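Working notes, structure below.
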Amino acid sequence: MSDPISRTPLHPLHVELGARLVPFAGWEMPVQYSGIIEEHHAVRRACGLFDVSHMGEARVRGADAARLLDRVMTNEMATLRAGHARYTVMCQPDGGCVDDVIVYRLGDREFLICLNASNAAKDVAWLRTHAEGLDVEVLDECARWAQLALQGPRAEEILAPLTPVPLAGLKRFAFAEGAVAGAAGCLISRTGYTGSPGFEIYLPAASAVPVARALLEAGRPLGLIPAGLGARDSLRLEAGYPLYGHEISERISPIQAGLGWAVKFSKPDFIGREALRRQAEGGPPSSVVLFSLEDRRIARQGAAVFAGELKVGEVLSGTQSPTLGKPIGSALVAAGHAGSSALTVDIRGHRVPMSLSAGPFVK
Amino acid sequence: MSQVPADLRYTKEHEWVRVRPDGTAEIGITDHAQSALGDVTYVDLPKPGAKFAAGETFGTVESVKAASDLYAPVACEVIESNAGLDAAPDLVNREPYAGAWMIRVRLTDPSSVAGLLDASAYSASL
């Protein structure tokens, strides 16, 4: 028996807008409205509005809140200031990833954590297990919040007239609480998962539809269109952002995934520290690379990567990059081959040369 | 609802066949199929002279989301592949029954087309 599928508070609006709905991580989500490529370009050139209410939220509060988070997270939490957010990974003792999350510091003793939908229940249980003996409580707030992502160069222009929150003063990874389109109790964060400027808006579930309508209406003259998970995936891959279950997972550590910047060995202890330190010092057995292809075929997840006739890895994510007009992807490649200029990928029996990329495909 | 022209024959795998006055046939994919695939980025088609049995894979259509095999609805030999799809694969989304025909073939057995679904049977299968 599989669990029943969940719907976000925005489901009626998706149906009205003609979205194609697909199951994703236990949720019925819009994969596209007008088309993935059109939605992708809208985000790069103007703006797109995404329903990301499937993402989970946990509130951690109490005198030991920062202590709990510094125990379970690879990044440093004690130094995070209220009103700021930080990307971090939560690791197993062997260095594999439980999840990658964004931590928002609400106050001295209170944090809100944004969790991946597929991991939300596991994450809350993990946090609670490691909270034992500490003066802290972990609240599951997944059902309380809806989330919208307003992403693209026109995002600020669209959002500013709809909120009293002074957006111009909000730096990247800063957030503020306030109303949006008359809906109180929202949290506006200058963060995103597209590689374009923009905001993520956490809002009470009941306000989701009216706020989304107000944003779409205000943004339409500026080129705003609704965008689905299909464009979200091609956008994040161009930006080089990892997706749990692809570039990071229980078997791929943050060191392997190139997320060493979010692992702070300066902290005396955190779960996974020893395993990650060994990987960082001795070099991991394999690591994640980004690549593009001078070909029409797309190398999809699971496609084998070769050095000569030796299989040295496999593709983790692959899509057509609308910005570059060619296929891009990520692959997990064995140590010693991650800088190779002679790798090929097998696509339905064709060996296609891979061009490894030093960094993201968009700035 | 997707379009299903009455004058074509269909397969459950969402290919269509149009028999031309000269006895050759064109093969493509249906409006339903292009809609399910989403934005098509590439169509990999066989060269003239290639022969296929009914149900055999004759090519691949690739969209942003996935790559899907194309199946020969009936036994046939390729006369021509649609070169226009190389430069404009999105024709598959815009004109699935017209500009986006994929291969023109010689039918091994002209009567085999009669065994395919007609428009009403295909519509009922959707």
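Quick note, the sequences are listed as chains H and B, same order.
First residue of the first sequence? That's 1 in the working numbering, and the numbers climb one at a time after it.
First residue of the second sequence? That's 1 in the working numbering, and the numbers climb one at a time after it.
Here a beta-carbon is modelled for each residue, glycine too, at the ideal position from N, C-alpha and C.
A quick note: this is a predicted structure, and the numbers were derived from the prediction, not measured.
Is residue i near residue j, with beta carbons less than 8 Å apart?
i         : j         : result
Asp39(B)  : Gly35(H)  : yes
Leu235(H) : Val43(H)  : yes
His14(B)  : Thr30(B)  : yes
Ala335(H) : Ser286(H) : yes
Glu247(H) : Ser330(H) : yes
Ser355(H) : Glu294(H) : yes
Gly318(H) : Ala299(H) : yes
Gly99(B)  : Gly115(B) : no
Ser68(B)  : Ile103(B) : no
Ala63(H)  : Leu224(H) : no
Asn119(H) : Asp99(H)  : yes
Mark residue i as exposed unless 16 or more other C-beta atoms lie within 10 angstroms of its C-beta, in which case mark it buried.
i         : result
Val211(H) : buried
Asp233(H) : buried
Leu343(H) : buried
Ile252(H) : buried
Glu274(H) : exposed
Val4(B)   : buried
Leu126(B) : exposed
Gly282(H) : exposed
Phe265(H) : exposed
Glu217(H) : exposed
Gly152(H) : buried
Arg278(H) : exposed
Taking residue i as the query, report the chain B residues whose CB atoms sit under 8 Å from its CB, ordered along the chain.
i         : result
Gln256(H) : Simply none; closest approach about 27 Å.
Taking Cβ positions only, does residue i come closer than 8 Å to chain B?
i         : result
Gln32(H)  : yes
Met1(H)   : Note that Met1(H) scores 44 on pLDDT, short of 50, meaning its location in the model is unreliable and no value can be drawn from it.
Gly230(H) : yes
Gly245(H) : no
Arg348(H) : yes
Gln320(H) : yes
His14(H)  : no
Who are the neighbours of residue i on chain H, taking C-beta pairs under 9 Å?
i        : result
Val92(B) : Per Cβ cutoff of 9 Å: no residues; Val92(B) is ~13 Å from chain H at best.
So that I know if they touch, is there some Cβ in chain H lying closer than 8 Å to that of residue i?
i         : result
Glu13(B)  : no
Ala50(B)  : no
Val105(B) : no
Thr30(B)  : no
Tyr42(B)  : yes
List, in order along the chain, the chain B residues whose C-beta lies closer than 9 Å to that of residue i?
i         : result
Ile225(H) : By Cβ distance, chain B contributes nothing, its closest Cβ being about 15 Å from Ile225(H), past 9 Å.
Ile36(H)  : Gly38, Asp39, Ser63, Val64, Lys65
At 7 Å on the CB atoms, spell out the chain H contacts of residue i, in chain order.
i        : result
Glu62(B) : Arg297, Ile298
Going along chain B in order, which residues have a C-beta closer than 7 Å to the C-beta of residue i?
i         : result
Ser234(H) : Val64
List, from N- to C-terminal side, the alpha helix (DSSP H) runs of 4 residues or more that fit wholly inside the segment 2-83 of chain B. For the segment 2-83 of chain B, whole alpha helix (DSSP H) runs of length 4 or above, ordered along the chain, are 31-37.
Just list the beta strand (DSSP E) runs in the segment 97-155 of chain H, keeping only unbroken ones of 3 residues or longer that don't cross its boundaries, in chain order. Listed in chain order, the complete beta strand (DSSP E) runs (minimum 3 residues) inside the segment 97-155 of chain H are 97-107, 110-115, 137-140, 145-151.
Which ranges does the alpha helix (DSSP H) cover as unbroken runs of at least 4 residues, wholly within the segment 53-94 of chain H, from first to last along the chain? Entirely contained in the segment 53-94 of chain H, the alpha helix (DSSP H) runs reaching 4 residues are, in chain order, 65-72.
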